[in-house]
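**Student:**
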Amino acid sequence: MSSLLHGYGALVLEGALQTVQLAVCSLALAFAIGLLGACAKLFGSRWIAKLARLYTTIVRGAPDLVLMLLLYYSIQILLNGITERLHWTQIDIKPFAAGVIVLGLIHGAYFTETLRGAFLAIPRGQLESGTSLGMSFGHVLAHILFPQMMRYALPALGNNWQVIVKSTALVSIIGLSDVVKAAQDAGKTTTHYFFFIGVAAFVYLLITTASNLVLRHLENRYDVGVRKVNV
Amino acid sequence: MIDIFREYWRHYLYTDGYQFTGLIVTIWLLLFSVVLGSALAVPMAIARSSANRFVSRAVWLYTYLFRGTPLFVQLLLCYTGVFSLDVIRNHELTNAFFRDGMHCSLLVFALNTCAYTTEIFAGAIKATPAGEIEAGVAAGMSTLQLYLHVILPSALRRSLPSYSNEVILVFHSTSVAFAATVPDLLKVARDVNSATYQSFAAFGIAFLLYSAITFSLVWLFRQAENRWLAYLTPQK
Numbered sequence: 001m002s003s004l005l006h007g008y009g010a011l012v013l014e015g016a017l018q019t020v021q022l023a024v025c026s027l028a029l030a031f032a033i034g035l036l037g038a039c040a041k042l043f044g045s046r047w048i049a050k051l052a053r054l055y056t057t058i059v060r061g062a063p064d065l066v067l068m069l070l071l072y073y074s075i076q077i078l079l080n081g082i083t084e085r086l087h088w089t090q091i092d093i094k095p096f097a098a099g100v101i102v103l104g105l106i107h108g109a110y111f112t113e114t115l116r117g118a119f120l121a122i123p124r125g126q127l128e129s130g131t132s133l134g135m136s137f138g139h140v141l142a143h144i145l146f147p148q149m150m151r152y153a154l155p156a157l158g159n160n161w162q163v164i165v166k167s168t169a170l171v172s173i174i175g176l177s178d179v180v181k182a183a184q185d186a187g188k189t190t191t192h193y194f195f196f197i198g199v200a201a202f203v204y205l206l207i208t209t210a211s212n213l214v215l216r217h218l219e220n221r222y223d224v225g226v227r228k229v230n231v
Numbered sequence: 001m002i003d004i005f006r007e008y009w010r011h012y013l014y015t016d017g018y019q020f021t022g023l024i025v026t027i028w029l030l031l032f033s034v035v036l037g038s039a040l041a042v043p044m045a046i047a048r049s050s051a052n053r054f055v056s057r058a059v060w061l062y063t064y065l066f067r068g069t070p071l072f073v074q075l076l077l078c079y080t081g082v083f084s085l086d087v088i089r090n091h092e093l094t095n096a097f098f099r100d101g102m103h104c105s106l107l108v109f110a111l112n113t114c115a116y117t118t119e120i121f122a123g124a125i126k127a128t129p130a131g132e133i134e135a136g137v138a139a140g141m142s143t144l145q146l147y148l149h150v151i152l153p154s155a156l157r158r159s160l161p162s163y164s165n166e167v168i169l170v171f172h173s174t175s176v177a178f179a180a181t182v183p184d185l186l187k188v189a190r191d192v193n194s195a196t197y198q199s200f201a202a203f204g205i206a207f208l209l210y211s212a213i214t215f216s217l218v219w220l221f222r223q224a225e226n227r228w229l230a231y232l233t234p235q236k
């Protein structure tokens, strides 16, 4: 592998792994935030619902790159202020952690909307019959609403995942050595810029194609038990 | 934040004294790429939904490549990548074109949004009810008439909601243009940040300006939907 790609095979591979890790961690965080946000909007009290709406409106108004830079610099400055006040040594946020937090916060807003739409697609009687059987709200959520919601949400979640994968490319701007950074470095030293950035593009194409296949499989799985009609 | 804005508002909005910068450049990037991208997307969408497998697959390959890779990588490929090739630099015309970051950004943004818009329009064309087309054929319409008077007017209207999402996404993604040294809104914010070290204010102003334009776009598209999709709203 190391003789491949002018000796930069290992670097590019490492970058690709970093990209996948970043995308998966951001997905997990965004999904958790999205679930919380959707529940807050649908089942929360008035103020909590308003707070969730404020969050999704603010985040979806501006480009992810602007939010990324705003949060990255501001969180670091805020943290410096706190550590200085407490006379601790400065804590530097690592680009990977910053990337996960920022991508998770941004895409959490999009997930909130996706999951809210999917929850709304479930007939209200499902929730009511669950509570009438004496199930707690948590039980109803975990055993009745969530599994059905996932089927409705899956196509949109797939799109969101593809968007997350593609926006990880921006994290190289705040200093993470992902596949784009690796390609740029390799291009700079070998002057084969076009080739190496082409390789990075190919890596992304592989990731999106592979996830398309997995998503199709998942959709079939969650559709089990739904009758299909051919017109 | 107010002090920073008072000092740099010209840079943020339209000029730094030498060239256009900031919001006006961002809006130019948006307008140019959306207009060119959509104009190209209509014939592409017709080809994409064509019964001819070869034509349809060719357009699919184009949209697959552009939708499967990040815009940032496409821009790097076009700006730093293409320009590093000797073939490009040795020709006067291509050399002059790819040397300018603005040209590369406009080209990549237009091609990128064209790929997404093609899929949106093609989906709407394929969803045209068979009865409408059969009615047109029965009335003796030619294929061209069918497209001009039956299929396109209804398909383009029905794609308006997803098209508005795409326009807002393009607006957001113009912020990567700084990678090609285009002095757009985010580039100004980065320059102000390195000049003043007031990160929150520098990026906060850009954030507010971007949000203001986003919400104006949302409002505009809601008006457009009220006007052109009124016939699809459920009757009260």
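Protein chains in written order, with UniProt numbering: chain A, 1 to 231; chain B, 1 to 236. All residues carry an ideal CB built from backbone N, CA and C; glycine is no exception. Since this is a predicted model, take the numbers as computed values, not measurements.
1. Could you please give the first and the last residue of the uninterrupted alpha helix (DSSP H) stretch that includes Ala135 (chain B)?
2. When the Cα atoms are used, what is the spatial distance from Ser211 (chain A) to Val180 (chain A)?
3. How about Thr15 (chain B): is its C-beta nearer than 9 angstroms to some C-beta of chain A?
4. Are Phe203 (chain B) and Leu70 (chain A) closer than 9 angstroms when you measure CB to CB?
5. Report the rounded CA-to-CA distance for Tyr204 (chain A) versus Gly136 (chain B), giving the unit in angstroms.
6. By DSSP, does Asp184 (chain B) sit in helix, in strand, or in coil?
7. Would you check if the stretch 84-103 of chain B and the stretch 62-73 of chain B touch, i.e. whether three or more CB-CB distances between them fall below 8 angstroms?
8. Kindly say whether Arg116 (chain A), judged by its beta-carbon, lies nearer than 9 angstroms to any beta-carbon of chain B.
9. Which of the three DSSP states, helix, strand or coil, is assigned to Thr15 (chain B)?
10. Per DSSP, what kind of secondary structure is Gly22 (chain B) in: helix, strand or coil?
11. Are Val167 (chain B) and Val34 (chain B) touching if we call contact CB-CB under 9 angstroms?
12. Strictly under 9 angstroms for the Cβ-Cβ distance: is Gly61 (chain A) near chain B by that measure?
13. Grab the span of the alpha helix (DSSP H) containing Asn52 (chain B) for me, first residue to last.
14. Within this structure, are the beta carbons of Leu42 (chain A) and Arg116 (chain A) separated by less than 9 angstroms?
15. Taking its Cβ as the centre, do 16 or more other Cβ atoms sit within 10 Å of Arg158 (chain B), making it buried, or is it exposed?
16. Pick out whichever of A:Trp161, A:Phe202, A:Ile101, A:Leu120 has its Cα sitting closest to the Cα of Ala16 (chain A).
17. Report the neighbours of Tyr210 (chain B) on chain A: residues whose CB is nearer than 8 angstroms to its CB, in chain order.
18. Applying the criterion that 16 or more other CB atoms from any shown protein chain within 10 Å of the CB defines a buried residue, is Ser2 (chain A) buried or exposed?
19. Quick check on Asp191 (chain B): does DSSP put it in helix, strand or coil?
20. For residue 278 (chain A), name the three-state secondary structure that DSSP assigns.
21. Of all the residues that make up the stretch 188-210 of chain A, which are near chain B by a beta-carbon distance shorter than 7 angstroms?
22. Find out if the Cβ-Cβ distance for the pair Ala62 (chain A), Ala52 (chain A) is shorter than 9 angstroms.
23. Along chain B, which residues have their Cβ under 8 angstroms away from the Cβ of Ser177 (chain A)?
24. Taking the CB atoms as reference points, tell me whether Leu183 (chain A) and Ala156 (chain A) lie closer together than 9 angstroms.
25. Which residues in chain B sit within 7 angstroms of Lys166 (chain A), going by Cβ to Cβ distance?
26. State yes or no: is the C-beta of Cys114 (chain B) within less than 9 angstroms of the C-beta of Ala41 (chain B)?
27. Hey, is Gln90 (chain A)'s beta-carbon within less than 9 angstroms of any beta-carbon in chain B?
28. Buried or exposed: where does Ile213 (chain B) fall if 16 or more other Cβ atoms within 10 Å of its Cβ makes it buried?
29. What residue range is occupied by the uninterrupted alpha helix (DSSP H) comprising Gly61 (chain A)?
30. Quick check on the DSSP output: the alpha helix (DSSP H) that includes Met102 (chain B) runs from which residue to which?
31. Keeping to the same chain, check which residues put their C-beta closer than 8 angstroms to that of Val231 (chain A); ignore five residues upstream and five downstream.
32. Would you decide whether His172 (chain B) is buried or exposed? Buried here means 16 or more other CB atoms lie within 10 Å of its CB.
33. Nearest by alpha-carbon distance to Thr89 (chain A): which of A:Leu206, A:Asn80, A:Leu67, A:Gly175 is it?
34. Is the stretch 111-126 of chain B touching the stretch 2-15 of chain B in the sense that three or more CB pairs, one from each, lie closer than 8 angstroms?
35. Taking contact to mean at least 3 C-beta pairs separated by less than 8 angstroms, is the stretch 215-222 of chain A in contact with the stretch 183-202 of chain B?
36. Quick one: does Gln18 (chain A) have its CB under 9 angstroms from some CB of chain B?
**Tutor:** Taking the coordinates as given:
1. 130-138
2. 19 angstroms
3. no
4. yes
5. 44 angstroms
6. strand
7. no
8. no
9. strand
10. strand
11. yes
12. yes
13. From DSSP, Asn52 (chain B) is part of no alpha helix (DSSP H); its letter is neither H nor E.
14. yes
15. buried
16. A:Phe202
17. Gly61, Ala62, Pro63, Val66
18. Bear in mind that the predicted position of Ser2 (chain A) carries a pLDDT of just 47, short of 50, making it unreliable; the figure below should be weighed with that in mind. Exposed, since its Cβ has fewer than 16 Cβ neighbours within 10 Å.
19. helix
20. Given that chain A is displayed from residue 1 to residue 231, the structure contains no residue 278 (chain A) and the question cannot be resolved.
21. Thr191, Tyr193, Phe194, Ile197, Gly198, Ala200, Ala201, Tyr204, Leu205, Thr208, Thr209
22. no
23. Neighbours of Ser177 (chain A) on chain B: none; closest Cβ ~15 angstroms, over 8 angstroms.
24. The sequence shown places Ala at residue 183 (chain A), rather than the Leu named in the question. Not in contact: Ala183 (chain A) and Ala156 (chain A) (Cβ atoms no closer than 9 angstroms).
25. Pro70
26. yes
27. no
28. buried
29. 46-61
30. 101-126
31. Bear in mind that a pLDDT of 48 at Val231 (chain A), under 50, signals an unreliable position, so the number given afterwards is only what the model happens to contain. If we look at Val231 (chain A) and ignore the five residues flanking it on each side, it has no Cβ neighbours.
32. buried
33. A:Asn80
34. no
35. no
36. no
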